[in-house]
Amino acid sequence: MSIRDDIILQEVISIRKQLPRLGTRKLFHLLKPTLQSHNIKIGRDYLFDLLSEYKLMIRQRKRKAITTDSKHWMKKYCNLIKDITITKPEQVWVSDITYIRLTNYWGYLSLITDAFSRKIIGYCFRNDLQAEGCVEALRMALNNRIYDHPIIHHSDRGSQYCSHQYVHLLNQHNIKISMTDNGDPYENALAERVNGIIKTEFNLHQTHLGFDQTYNLVKHSIKAYNELRPHGSCDYLTP
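So the sequence shown is numbered by the numbering used here: it starts at 76 and just counts up by one.
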């Protein structure tokens, strides 16, 4: 192995200690300061080939269990974000629930993400699918608000988001309610994308640990996602 390749691979290993399943394009962006400091000039294709040679490419996982129950009697709302352009933080929040395998059962992670900055602003991890988990995530998001302009909250039509408790809290804070049409997952694609990043890039899909250990990993992963991980949609900046 050349000294150049050794420097690159050591930095890759260092980055992946914090962001274990970060894709190669974003990895290449984070490598740039190290490459420049060592006067190493490579392209992204070279990095792809190097990671492939040393079996460091990330394999995509297959999806998925169902966490949404949209066949319920509670009121459902129209999709308000289908044709809007998102231009600022706290204009649209997107919400979803994902599952994480524990030792002998499942845990459920409720997330609220700002659609403009991609920052996770509220979350809750529980061992059930009750509405209280989503409500707790929403309370965290509300406590993290910076601006006072109107917000649209977008989600699927799951019973948690249609529950009296959740809708009441949104109404209390004058937040408009938006939901997917007929449960179409493509209309909540950003929220589902964030779910996938948190689980796969931070290895939460293969923990199989106890609840408390997994909860600590969730907190660490969300902190790393918000503060370390670059986002292609944000010019490779962190949220």
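For glycine and all other residues, C-beta sits at the position ideal for the given N, C-alpha and C.
The structure presented is a predicted model; accordingly, all values stated were derived computationally and were not measured.
Could you give the residue range of the alpha helix (DSSP H) that holds residue i?
i	result
TYR183	Here TYR183 belongs to no alpha helix (DSSP H); instead the beta strand (DSSP E) covers 181-189.
SER230	From DSSP, SER230 is part of no alpha helix (DSSP H) but of the beta strand (DSSP E) over 227-230.
Using DSSP with H/G/I as helix, E/B as strand and the rest coil, what is residue i?
i	result
GLY285	coil
TYR236	helix
ASP203	coil
SER170	strand
SER127	helix
ILE297	helix
LYS274	helix
ALA140	The predicted model places ALA140 with a pLDDT of 49, which falls under 50 and marks its position as unreliable, so this point remains unresolved.
ARG304	coil
TYR241	helix
ARG176	strand
If I follow the unbroken beta strand (DSSP E) through residue i, where does it start and stop?
i	result
SER89	No beta strand (DSSP E) contains SER89, which is instead part of the alpha helix (DSSP H) from 78-93.
HIS104	Taken as a continuous stretch (DSSP letters only), HIS104 belongs to no beta strand (DSSP E), being part of the alpha helix (DSSP H) at 99-112.
ILE133	No beta strand (DSSP E) holds ILE133; DSSP gives it neither H nor E.
LYS251	251-254
Our contact map puts residue i next to residue j with C-beta atoms below 8 Å; I'd like the distance itself, whole angstroms only.
i	j	result
TYR183	ILE172	6 Å
THR162	LEU126	Between LEU126 and THR162 the Cβ distance is about 36 Å, and since that is not below 8 Å, they are no contact.
Here's the rule I'm using: 16 or more other beta-carbon atoms within 10 Å means buried, otherwise exposed. How should residue i be labelled?
i	result
GLY285	exposed
HIS229	buried
TRP181	exposed
LYS194	buried
SER89	exposed
MET160	Just to set this straight, residue 160 is Thr in the shown sequence, not Met. THR160 comes out exposed.
Query - the stretch 200-208 contacting the stretch 99-119, beta-carbon criterion three pairs below 8 Å - result: no
**Report entry** At least 3 beta-carbon pairs within less than 8 Å: the stretch 150-157 vs the stretch 245-257
**Finding:** yes
Query raised in the report: Is the stretch 80-88 touching the stretch 96-111, taking contact as three or more C-beta pairs under 8 Å?
Result: yes
Query raised in the report: So does the stretch 211-228 actually touch the stretch 284-304, counting three or more Cβ pairs closer than 8 Å?
Result: no
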